[in-house]
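Peer 1: Numbering (my numbering), first residue to last: 381 to 579.
Before we start, here is the structure in question, set down as structure tokens.
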Amino acid sequence: MSSNAKTLYFGYGSNLWIHQMNIRCPENKFVGTARLPDWRWIINARGYANVVPSAGDEVWALLYELSPADEEKLDGYEGVPTSYVKQTLPVEYFGNGNKGKGYGEMRDGKRMVDALVYVDVERTTGGHPPKREYIFRMNSAIKDALAEGVPKAYIEKYLRPCIPPDDSIPNDAKERVKNTIESAIERLNSASPGSHNSA
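Written as structure tokens, this is what we have:
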């Protein structure tokens, strides 16, 4: 693979929040929505989103094109390899108007692409409470996901049972969380190469 090769990344958790992705991975390009069939979205024992194989279920995401530098940064944010491992999985691609042209190939009447998916293979049970700061980020993510075409029925079935609405968090707490997140992201972005691990 060329060192300049781009990766398509399937962002299913807080990376549905486009603002967060733009801070974490400044070279990214949003290219549309995608669906991973026969997997399920959960909150795992760490209090963060994960996906697990589950026949008949589905996971929706926003699809981003990443440069090698952005992929390396994202590996650090996602805690590879201790929190998540990287898998390449076939996902159904729905595009984003003209921005979506040129990706994927038709397979069984569906436009498919191979995408990078971060999967926690150690903590695979759901039903755990989300981290408090994650609730704010996920509500921002849900707003962007809906605006970009992720079905509301999917959000209501899979995400909302785990993620309470924004109004459950006082406004001053939301602002503190947002400022803390942005400060941490800026520190990570300015750190030297190889020091992005989340451990």
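Note that CB positions come from ideal geometry on N, CA and C, so glycine has one too.
Which parts of the region 392-467 are runs of the beta strand (DSSP E), unbroken and 3 residues or longer, counting only runs that do not cross its ends?
Peer 2: 409-423, 429-446
Peer 1: Three Cβ pairs or more, each shorter than 8 Å: is that satisfied between the region 404-415 and the region 425-437?
Peer 2: no
Peer 1: Specify the secondary structure class of Arg514 as computed by DSSP and reduced to three states.
Peer 2: According to the sequence displayed, residue 514 carries Tyr and not Arg. Reduced to three states, the DSSP call for Tyr514 is helix.
Peer 1: Per DSSP, Lys490 is paired with what?
Peer 2: Arg487
Peer 1: For Glu438, tell me which candidate among Pro531, Asn519, Tyr457, Gly456 has the shortest Cα-Cα distance.
Peer 2: Pro531
Peer 1: Using a Cβ-Cβ cut-off of 6 Å (strictly less than) and excluding sequence neighbours within five positions of Asn395, which residues of its own chain qualify?
Peer 2: Met401
Peer 1: Comparing C-alpha positions only, which one of Leu443, Ile403, Trp397, Trp421 sits nearest to Asp494?
Peer 2: Leu443
Peer 1: What number of angstroms, rounded off, separates the C-alpha of Glu499 from the C-alpha of Gln467?
Peer 2: Note that residue 499 is Val in the sequence shown, not Glu. Approximately 7 Å between the Cα atoms of the pair.
Peer 1: Thr505: buried (16+ other C-beta within 10 angstroms of its C-beta) or exposed?
Peer 2: exposed
Peer 1: Look up Thr387 in the DSSP assignment and give the residues it is bridged to.
Peer 2: Leu446
Peer 1: Given a threshold of 16 other Cβ atoms within 10 Å of its Cβ, counted over all protein chains shown, does Arg517 qualify as buried or as exposed?
Peer 2: buried
Peer 1: In this structure, does DSSP put Glu536 in helix, strand or coil?
Peer 2: helix
Peer 1: Please classify Pro510 as buried or exposed, where buried requires at least 16 neighbouring CB atoms within 10 angstroms.
Peer 2: buried
Peer 1: Can you grab the Cα-Cα spacing for the pair Arg512 / Gly475, in whole Å?
Peer 2: 32 Å
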